[in-house]
Structures are given as structure tokens and as C-alpha cells.
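For reference, the structure discussed in these notes is given below.
There are 2 protein chains.
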Amino acid sequence: MPEYRKDPVVKRWVIISTERAKRPHDFQVTPEEVKTGFCPFDYGNEHTTPPEIIAFRPADTQPNTPGWWVRVVPNKFPAVDPELPVDRYGHGMYDAMTGFGYHEVIVETPDHNATFALLDYKQAEEVIWAYVTRFRTIAKDERVKYILIFRNHGKEGGASLAHPHSQIIATPVVPKTVQEELDGAKDYYSYKERCVFCDMINQEKIEGRRIVEENEHFIAFEPYAARFPFETWVLPKRHSHDFGSINPEEVRAFAQIMKNVLHRIYVVLNNPPYNFLIHTAPVMEEGKVYYHWHVEIIPRLTRVAGFEWGSGFYINPVPPEDAAKYLVESYQEVIEKTKSE
Amino acid sequence: MPEYRKDPVVKRWVIISTERAKRPHDFQVTPEEVKTGFCPFDYGNEHTTPPEIIAFRPADTQPNTPGWWVRVVPNKFPAVDPELPVDRYGHGMYDAMTGFGYHEVIVETPDHNATFALLDYKQAEEVIWAYVTRFRTIAKDERVKYILIFRNHGKEGGASLAHPHSQIIATPVVPKTVQEELDGAKDYYSYKERCVFCDMINQEKIEGRRIVEENEHFIAFEPYAARFPFETWVLPKRHSHDFGSINPEEVRAFAQIMKNVLHRIYVVLNNPPYNFLIHTAPVMEEGKVYYHWHVEIIPRLTRVAGFEWGSGFYINPVPPEDAAKYLVESYQEVIEKTKSE
Chain P
0 MPEYRKDPVV
10 KRWVIISTER
20 AKRPHDFQVT
30 PEEVKTGFCP
40 FDYGNEHTTP
50 PEIIAFRPAD
60 TQPNTPGWWV
70 RVVPNKFPAV
80 DPELPVDRYG
90 HGMYDAMTGF
100 GYHEVIVETP
110 DHNATFALLD
120 YKQAEEVIWA
130 YVTRFRTIAK
140 DERVKYILIF
150 RNHGKEGGAS
160 LAHPHSQIIA
170 TPVVPKTVQE
180 ELDGAKDYYS
190 YKERCVFCDM
200 INQEKIEGRR
210 IVEENEHFIA
220 FEPYAARFPF
230 ETWVLPKRHS
240 HDFGSINPEE
250 VRAFAQIMKN
260 VLHRIYVVLN
270 NPPYNFLIHT
280 APVMEEGKVY
290 YHWHVEIIPR
300 LTRVAGFEWG
310 SGFYINPVPP
320 EDAAKYLVES
330 YQEVIEKTKS
340 E
Chain A
0 MPEYRKDPVV
10 KRWVIISTER
20 AKRPHDFQVT
30 PEEVKTGFCP
40 FDYGNEHTTP
50 PEIIAFRPAD
60 TQPNTPGWWV
70 RVVPNKFPAV
80 DPELPVDRYG
90 HGMYDAMTGF
100 GYHEVIVETP
110 DHNATFALLD
120 YKQAEEVIWA
130 YVTRFRTIAK
140 DERVKYILIF
150 RNHGKEGGAS
160 LAHPHSQIIA
170 TPVVPKTVQE
180 ELDGAKDYYS
190 YKERCVFCDM
200 INQEKIEGRR
210 IVEENEHFIA
220 FEPYAARFPF
230 ETWVLPKRHS
240 HDFGSINPEE
250 VRAFAQIMKN
260 VLHRIYVVLN
270 NPPYNFLIHT
280 APVMEEGKVY
290 YHWHVEIIPR
300 LTRVAGFEWG
310 SGFYINPVPP
320 EDAAKYLVES
330 YQEVIEKTKS
340 E
């Protein structure tokens, strides 16, 4: 029987559809082709990107030369521009603002054919450190209100280059979905005097059947009112509204759980396209008691979702409990089979 | 220079990107292949769908036989079920509801290879009458809170069958995006004591440069803060919150403008995949003074939009003023060229 479920943060109803229920192999994922040809993110091509902002590299190497293991550069085709002023103005009844902002690319490894799911823990940790470093630096710019870190994987996920990379967009406005989460979390807090995300962690631990992965500092689960098949959230166990407040031990734990969860998705769903986004509170804004930073991972498996862009009404053909089971049990089966071969 | 623009209804900021500016032929649209093989919506296959709910057909033909020109049937794989009760219940901290609702398919023509853009005015009008008829009937069911009429065109638009059809989903809850529009329009009304959509129509008429098509009763324009390239809205000029209140003269005008706008998109963008949705006030709810029903047409041209699902933050590489120009001027050029050949 189909069921409506309500997201406890933004109060979005979704339909968990059973008539249309699907298993992992029902999603006809075409694994990405390995692209050959020129790549601006490969060793030796550093001069073809805008000059690097930061890079993790041996002390005896020069900027914009090989040797780095993580490299951050401005996006060559930026959506926003850090050189613009922040001016607000009207067009008749409408409101506009100059396109100030940062748009940067984090090249995650020199290995063109790798992906986050295949990085070793150490390298994944270095990528997270690049996120944190840029996040903390950009947060000092008082014009910036929001810093969005995200990863597009695969052509259907919106990646125009195959070489493993993430992106940062920093803006003088708060993205709508984040604002809705802030508002919803604030509502919940004013009613319950508890963080809704902390409550979700507790609820998930009591039920257990949507948990995908857990370590000392983080937990990953399929959200109760998942919009998309295999949508997965990763939350720090320590309540914190601010991604920038992550400590070194948590960076290590975060890198591990991200790599592990993405590897489960990689194996069970055959390297599908996906997006992940870090949702954190706006820079230097309230949210301390009621917001809780987290990651939303959204595999791009279905196009049945066509009209959903325009209605905000989602039909999810895979109950999150089933998705969790596949990501835990089917993953284990594949890993054991691979070992015994 | 990139620019942020704010949607006046839901207060969503979008980035209109000029660094990434695109023209119609930059979107590599693969026109849909004409599917052959078995189709449940073709003449002679009526018995392969669930029994028809209504059909426009000659008086001397039997239900579920050929002869109809528009036919409405229950979706064979419904997302929701009209036989279920409306029960609300909790799962720990979470909220759920049984999957009650209507899910119907409007077969728009017996012609398998047609599409809405290619229908003649008379047939388009019949399709709209099917929408109106079902809308009014379903609205009488007191359990229904919202009736969503939409059309998925093309595989990338989420259409699983090529035969021209639209869909209706009626639910006991209001879709999130519509709720946001209601809230935003109410805010605007309490500030201005005017309908925000009526104000938009006036503003568009003053500026002129985003208008795509207009007739006595309707206007179509590219919204100022368009999320997507060639996103187009169609609004009735008469203020009304309720699609069900459309009168016969307006049905005719609505069919004409929808056909004309979709034909412009078909010609200029080479039959791209798209979705359109009718946004109307919830059934028997408030909204009379401040809400204004309308259609949102969203061509599915770009996947650069990957992370947007998770952030509600859109980067649109085609300024709506440019999109309008293409849909007016480039369309005219193609039509004249075709005539002179």
C-alpha cells in the first residue's frame, strides 16, 4: 500500500510508492565511460586552470605545477564573481542583486580515473580538509552569507568533467532549501526545545532499520521521508549548526563514513550518478541551538520524477527501509563474493 | 555580469548566469524517437487499460472501444489509491498517512505520433475540457485537498509512454511548492493588498520584453527569476485562484495559448522534453483574493542543474529576456522560412 510520509524538518509530504516498488537492478544505470583526451585537472595541465587558491603539495614544489594531492582553483566558468560589489536594486516590482560570490573547484586527487568512493581514507580526509580550509577562509568575508559545498558525480549528476572534483559556491543570500530547513528546525525547537536532527538520530537508533553506516562521530541513514530512491543523509552525532566547527578527529571520522557510504552506493547501484551537498547554517547567523549540519546524498536513478521539479511533490518507488537493507546486506554479499573469488 | 534575481512569490533567489550564457542550439536535444510496438493508448487496445472514467466519443460507440477523441483512465500503476481510507498515524517522532488519492491519465488524442504542440485548436480545447471535467468532479470528494494536473513530455521529462497524455494526481495534502506559493502570495497581499500574480502581469505588460504570447484572456511570459532556461508561465488575465472556475470562452483561449506556446518551444528547441503543471489553489480552501492559478512550463534542457535538487538554488544560463526573444523572433524566422520553401 502506498503511504504519505512527512519530512519532520521541512514538513514536505512524499509518497512512498509500493505499486511501483523497485530493486537496485531495476535502475538501468549506465556506468560513466572513462574519458580520455585533454583534462585540465591532470598533472602537467595546471597552467590551463585559473591559478590555484590553495594546494596540498610537498614544500619543495612550486604552485601550479605537479606534485599536489589536493588542489583548489577558481571555477573557469564561474556562476558568480568575487570581484563584484554587493549591490541591491529593483526592476519595477522585482528585486535583484549583483552577482557577487565565490565559485571554486576542489580537485580531489591527481588520479583522473578515481572517484570519492574509491579514495583511500587518508586521501578522503585530505579532501575534507580542503573543504574545511576554504570554508573557514571564505566565512571571514563579511559579504558572504552562505557557503555551499557540493559534489556532482557523473554526467546525469551534472558533472561536465570526469576528473574527481567537488565545488564551493559562496553567496550573499541563503539557498531556499536551507532557509526552509532553518525555519522548520526553528519551529520544531520552539515546540519541543530539542534539535529535530538530534531527535532524528535518536529515532533512527531506536528503529535501526534505516541505518546504513555508523562510527564514533557520525551516522548515515535513509531519511524516513526520502524524496529519492537511496537518498542518504550523513549527520555528526555531536550537535553543531556549523560545518566549520568540525574538529580533527571528526574530520577523520567524516572522511571515513563518506567514503564508506559512497562505496556502498557505488557497489550496490553500479557507480550511479549522484549529487551530495553539505547543509550548514548560514555564516555568522543564528541557528546554534536548533540547526544541525549534515550531508544529503542524492543518487540520480530515476526520471519518473519529472513533474516533481514544479510541484515539490515526490514519489519515491523505493521505501527507505528497503534501500538501507540493500546498502547493508547486498553490499556485504558483493564484498564477500569478491573476497572468495 | 551574473545577477541574482528574486522570485516575487516564493522569494527564491536564482542566479542568472551570463558567463555560461547559452543559445537554443547549445542545448543538445535529441528529439524523441517515435516508438513503435504495442501501445495501450492506441485504438483497439482500450481493453488493456483500466476501464475508462470518461471519454469524449460519439454517442453510438461503446465505452472502452475505438471512436473516442479524448479518453481518461485510471493510471495502471497508480502512485495513490482512491479505495484507501484517509488515516493519519505516527511512527515514533514521524508522521504518516495512508496513500489515498486519485491518479488518472488523460489520453489526449488517438494519434500516437502527435503531441500537444501539434494538436489543432479544437482538439487542444477538448483536452482542456477533459482536465476541467475531471477537476470539477474530483473536487467534490471532500477527502481531496489538492488536484495536480501535469504533463510529462519525452523520456527525459519522465514520460514512460510516447503516446500523448497528461496526468492528474489528487491528494489529501497540498504539494510543498504550491503551499509556498500560497504563503508567499498571502504575504504579498497582506503588504500590498493586491494579488502578486496580477502585479506580475501588469509589470510584464509595461516591460514587454519577457512576453511570449498573449490573447484576450491569457498571457504567457518568461518569469523574471526563471529557474530554468525557457521556463514559461501562462496566466489567466482574469484574477481567479481556482482552475475549476474557468469559463467556456477561457477554455478556448487557454487551449490556444497552450498550443501556441508549446509549438514555439517545439520549433525553437527542436521538440525538447518538458513538464508542465497547473498550479491552482487547494480545493475548498482560502486563497480567493491572493492566489492566481497558472501553468508553469519547464523544458528539460540542462543537467548542469545537478546540485539544485538539494539546495533549491538555481543557476539559469539563459536570461529570460533572451529566451523570450528566441521564442518570438527565432520562431517567426523558422515559420517564415518554412512558408517560403
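As you go down the protein sequences, you meet chains P and A in turn. 0 is the number of the first residue of the first sequence in numbering that gives the first Met the number 0; add one for each residue after it. 0 is the number of the first residue of the second sequence in numbering that gives the first Met the number 0; add one for each residue after it. Don't be surprised by glycine CBs; every beta carbon is placed ideally from N, CA and C. What you are looking at is a predicted structure, and each value in this text was computed from that prediction instead of being measured.
Item, Value
"To the nearest angstrom, how far is the alpha carbon of Trp308(A) from that of Asp59(A)?", "50 Å"
"Does the beta carbon of Phe253(P) come closer than 8 Å to any beta carbon on chain A?", "no"
"So which residues on chain A does Asp41(P) lean against when the C-beta distance must stay under 8 Å?", "Here the premise fails: no neighbours, minimum Cβ distance about 22 Å."
"Please return the same chain residues whose Cβ sits closer than 8 Å to the Cβ of Val211(A), not counting the five positions on each side in sequence.", "Ala219, Phe220, Glu221, Thr231, Val260, Arg263, Ala323, Leu326, Val327"
"Under a three-way DSSP split, which group does Val303(A) fall into?", "With a pLDDT of 49 at Val303(A), under the threshold of 50, the predicted position of this residue should be treated as unreliable, and no value is reported."
"Roughly how many angstroms separate the alpha carbons of Val333(A) and Lys121(A), rounded to a whole number?", "24 Å"
"When DSSP builds the beta bridges, which residues end up paired with Tyr93(P)?", "His90(P)"
"Can you grab the Cα-Cα spacing for the pair Pro316(P) / Ser16(P), in whole Å?", "5 Å"
"In the DSSP assignment, what residue or residues form a beta bridge with Thr170(P)?", "Tyr145(P)"
"So what's Lys10(P) in DSSP terms, helix, strand or just coil?", "coil"
"Over the uninterrupted alpha helix (DSSP H) stretch that includes Lys75(P), give me the two end residues.", "Counting along the chain, Lys75(P) falls outside any alpha helix (DSSP H), and DSSP gives it neither H nor E."
"Should Met199(P) be labelled buried (16 or more other beta-carbon atoms within 10 Å of its own) or exposed?", "buried"
"Please state whether DSSP places Glu103(P) in a helix, a strand or coil.", "strand"
"So Asp341(A) contacts chain P; which residues on that side make the cut at Cβ distance below 8 Å?", "Nothing about residue 341(A) can be read from this structure; chain A reaches only from 0 to 340."
"Among Tyr223(P), His102(P), Gly207(P), Arg251(P), which residue has its Cα nearest to the Cα of Glu215(P)?", "Arg251(P)"
"Beta-carbon within less than 7 Å of Lys21(P)'s beta-carbon, same chain only, minus the 5 sequence neighbours each way: which residues are those?", "Pro228, Pro316, Val317"
"Name, going along the chain, the residues of the segment 169-183 of chain A whose beta-carbon falls closer than 9 Å to a beta-carbon of chain P.", "Thr170, Pro171, Val172, Val173, Pro174, Lys175, Thr176, Val177, Gln178, Glu179"
"Quick check: the Cα distance between Cys197(P) and Ser189(P), rounded to an integer number of angstroms?", "15 Å"
"Here's the rule I'm using: 16 or more other beta-carbon atoms within 10 Å means buried, otherwise exposed. How should Arg345(A) be labelled?", "The shown model of chain A, from 0 to 340, leaves out residue 345(A), and the question about it has no answer."
"Determine the chain A residues that contact Ile14(P) at a beta-carbon separation under 9 Å, and present them in chain order.", "Ala78, Val79, Gly98, Gly100, Ile168, Thr170"
"Pick out whichever of Tyr273(P), Ser310(P), Met283(P), Thr301(P) has its Cα sitting closest to the Cα of Val294(P).", "Tyr273(P)"
"List in chain order: all unbroken beta strand (DSSP E) runs of 3+ residues lying wholly within the segment 204-252 of chain P.", "210-213, 217-220, 231-235"
"For Phe37(A), name the three-state secondary structure that DSSP assigns.", "coil"
"Between the C-alpha atoms of Gly311(P) and Arg11(P), what's the straight-line distance to the nearest angstrom?", "8 Å"
"Please state the DSSP three-state secondary structure of Ile52(A).", "coil"
"Compare the C-alpha of Thr99(P) against each of Ala116(P), Glu203(P), Pro77(P), Phe37(P) and name the closest.", "According to the sequence shown, residue 99(P) is Phe rather than Thr. Here the closest residue by C-alpha is Pro77(P)."
"Suppose the cutoff is 7 Å on Cβ atoms and the five residues either side in sequence are ignored; what does the same chain contact list for Tyr330(A) look like?", "Arg263, Val266, Val267"
"Can you find at least 3 beta carbon pairs, one from the segment 89-96 of chain P and one from the segment 132-139 of chain P, that sit closer than 8 Å?", "no"
"How many angstroms separate the CA atom of Gln255(P) from the CA atom of Glu125(P)?", "11 Å"
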